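One structure is given here, and the rest of the page talks about it.
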Amino acid sequence: MLSESTGSIKAFYSDLNDSDPVSSEKCLQFVDHLLALLTVSYYLCRDCGENQRLLVENTPELFSRVLVECLELSPTTIQLPSSTNSASVTPSDLEVEIRHRHKLDILRYSACELLALMSAEASGREGLLASPGPARLLSSIALCLSDALGLPKTSVQRSLADGLRKPKKPPLPVSTVGSSFAIQTVAAIARVLENLTSSPHFLSMVRSSDCFEGLQDVVEAAVAVPSSASASTSTTAAPAMCLSLLLDCLSFACHDIGLRRRLVSKPNFVLNLANCLVRHAPLIADDNHVALVGSLCRTLHNCLTGENAAVPTQPELEALLSGVGIVLDQPSRGPVILAVVIVLLGKIMPLCSHAQVSSPPPPPPPPPPPP
128 MLSESTGSIK AFYSDLNDSD PVSSEKCLQF VDHLLALLTV SYYLCRDCGE NQRLLVENTP
188 ELFSRVLVEC LELSPTTIQL PSSTNSASVT PSDLEVEIRH RHKLDILRYS ACELLALMSA
248 EASGREGLLA SPGPARLLSS IALCLSDALG LPKTSVQRSL ADGLRKPKKP PLPVSTVGSS
308 FAIQTVAAIA RVLENLTSSP HFLSMVRSSD CFEGLQDVVE AAVAVPSSAS ASTSTTAAPA
368 MCLSLLLDCL SFACHDIGLR RRLVSKPNFV LNLANCLVRH APLIADDNHV ALVGSLCRTL
428 HNCLTGENAA VPTQPELEAL LSGVGIVLDQ PSRGPVILAV VIVLLGKIMP LCSHAQVSSP
488 PPPPPPPPPP P
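Start counting the sequence shown at 128; every next residue gets the next number (this note's numbering).
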């Protein structure tokens with residue numbers, strides 16, 4: 128059944144042959160087989176640690192191929208089979224599109240739930256780190272999280288989709304907002320990340336340059352403000368302590384000039400971090416949010432320091448000053464967080480002075496009208 132299910136994923140990846148197209152019903156049957164595999168695996172391992180160990184040892188392809196590829200299956204990255212090849216859109220086309228979107232949403236959610244279950248145990252986490260490895264895993268998680276939140280894809284996430292089938296006709300006018308499984312998928316991914324960051328082995332591996340792009344994509348998706356109505360309403364898409372640990376790993380990469388250049392070159396990355404600081408600063412009465420605010424400040428400081436440092440725009444400077452001001456206004460701030468924020472403020476203030484000097488003076492007021 129495992130080989131049949133992995134074959135079903137390849138059926139989504141390969142280009143359709145117009146002379147002999149794969150029928151929609153057959154593709155739906157493939158997805159049903161894969162859903163059955165994930166469901167059976169989940170219930171076998173939910174209450175039995177021995178079954179989890181056997182699954183990791185005897186079916187490594189479940190981690191290295193099936194689960195991560197399920198995370199990458201999305202209506203925005205693959206061509207959905209259609210019941211017709213005509214250029215005009217018919218009600219039948221819309222019905223087929225809706226059915227496939229619903230099935231793929233369930234498939235990704237089921238894969239995330241199984242990943243969350245398996246990564247809760249040390250054997251499952253080690254299996255994921257062995258194959259597919261942290262770099263591929265983070266990139267797949269970032270792609271799935273961005274799609275569930277309705278965020279635009281990054282260049283790395285688009286490169287993952289380059290290996291999938293490219294649409295041969297324009298997408299049908301089916302709304303991508305409002306999936307009933309989007310919030311559940313985000314919650315399951317949050318548990319996966321929380322489980323992974325509890326492993327010192329994962330945190331040491333993710334600091335390598337090979338994992339940098341995937342790590343940044345995950346952080347970027349977690350702190351960005353969702354644009355879709357189906358997205359979660361929480362301040363971030365990951366638990367505070369989990370996101371703090373991921374940010375510390377990303378901040379560590381800033382010591383490399385090349386990695387820092389790639390970090391600050393992403394559009395709106397500094398702005399998203401600064402806005403995340405604004406949202407979480409009022410919550411520092413909680414220890415987990417103290418850690419998150421400290422990690423945000425350190426990452427922002429490293430982005431603004433050294434060669435090839437980021438040059439903040441006016442909206443970024445305003446968001447940075449607003450976040451620092453909110454932290455300083457909190458009566459529950461401690462000496463550690465106060466020291467970190469003051470260091471960040473010391474990096475921001477010269478940039479504000481430079482922006483004021485560099486900006487042209489306002490035009491003089493018009494002369495008063497003659498009497």
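Glycine residues also receive a C-beta, built at the ideal position from the N, C-alpha and C atoms.
Just so it is clear, the structure is predicted and the values come from calculations on it, not from any experiment.
So the candidates are the options; which of them puts its Cα closest to the Cα of residue i?
{"i": "S329", "options": "R252, A446, L427, T312", "result": "Before going further, note that residue 329 is Phe rather than Ser in the sequence given. Among R252, A446, L427, T312, the Cα nearest to that of F329 belongs to R252."}
{"i": "C415", "options": "G260, L162, M368, V391", "result": "Residue identity check: residue 415 is Asn in the sequence provided, not Cys. Nearest C-alpha to N415: M368."}
{"i": "S258", "options": "E445, E443, H227, T186", "result": "T186"}
{"i": "L323", "options": "L278, H407, Y169, L372", "result": "L372"}
{"i": "A249", "options": "L221, I233, G176, S237", "result": "G176"}
{"i": "T166", "options": "I233, V463, V350", "result": "I233"}
{"i": "V346", "options": "T426, R180, C154", "result": "T426"}
{"i": "V313", "options": "D344, A408, S331, A269", "result": "A269"}
{"i": "A446", "options": "I475, I464, Q457, I316", "result": "I475"}
{"i": "F157", "options": "L182, L231, I225, L472", "result": "L231"}
Do residue i and residue j have their C-beta atoms closer together than 9 Å?
{"i": "L276", "j": "A365", "result": "no"}
{"i": "R192", "j": "A243", "result": "no"}
{"i": "L255", "j": "L264", "result": "yes"}
{"i": "S336", "j": "D383", "result": "yes"}
{"i": "C424", "j": "V470", "result": "yes"}
{"i": "N178", "j": "L171", "result": "yes"}
{"i": "C197", "j": "S237", "result": "yes"}
{"i": "V438", "j": "N402", "result": "no"}
{"i": "S168", "j": "D274", "result": "no"}
{"i": "P261", "j": "C338", "result": "yes"}
{"i": "A408", "j": "V420", "result": "yes"}
{"i": "V454", "j": "L404", "result": "yes"}
{"i": "L390", "j": "Q343", "result": "yes"}
{"i": "S246", "j": "V195", "result": "no"}
Quick one: what does DSSP say residue i is sitting in, helix, strand or coil?
{"i": "N185", "result": "helix"}
{"i": "V345", "result": "helix"}
{"i": "E434", "result": "coil"}
{"i": "N395", "result": "coil"}
{"i": "V451", "result": "helix"}
{"i": "A412", "result": "coil"}
{"i": "Q441", "result": "helix"}
{"i": "C424", "result": "helix"}
{"i": "A247", "result": "coil"}
{"i": "S378", "result": "helix"}
{"i": "C175", "result": "coil"}
{"i": "G461", "result": "coil"}
{"i": "P495", "result": "coil"}
{"i": "L390", "result": "helix"}
From residue i to residue j, what does the alpha carbon distance come to, in whole angstroms?
{"i": "N435", "j": "S459", "result": "35 Å"}
{"i": "C239", "j": "S422", "result": "27 Å"}
{"i": "S378", "j": "E340", "result": "13 Å"}
{"i": "P493", "j": "L444", "result": "30 Å"}
{"i": "N395", "j": "S326", "result": "30 Å"}
{"i": "P148", "j": "L320", "result": "Residue placement at P148 cannot be trusted, given a pLDDT of 47 that sits under 50; what the coordinates show is reported in the next sentence. Distance between the alpha carbons of P148 and L320: 39 Å."}
{"i": "L398", "j": "S307", "result": "30 Å"}
{"i": "D174", "j": "L370", "result": "28 Å"}
{"i": "P462", "j": "G452", "result": "16 Å"}
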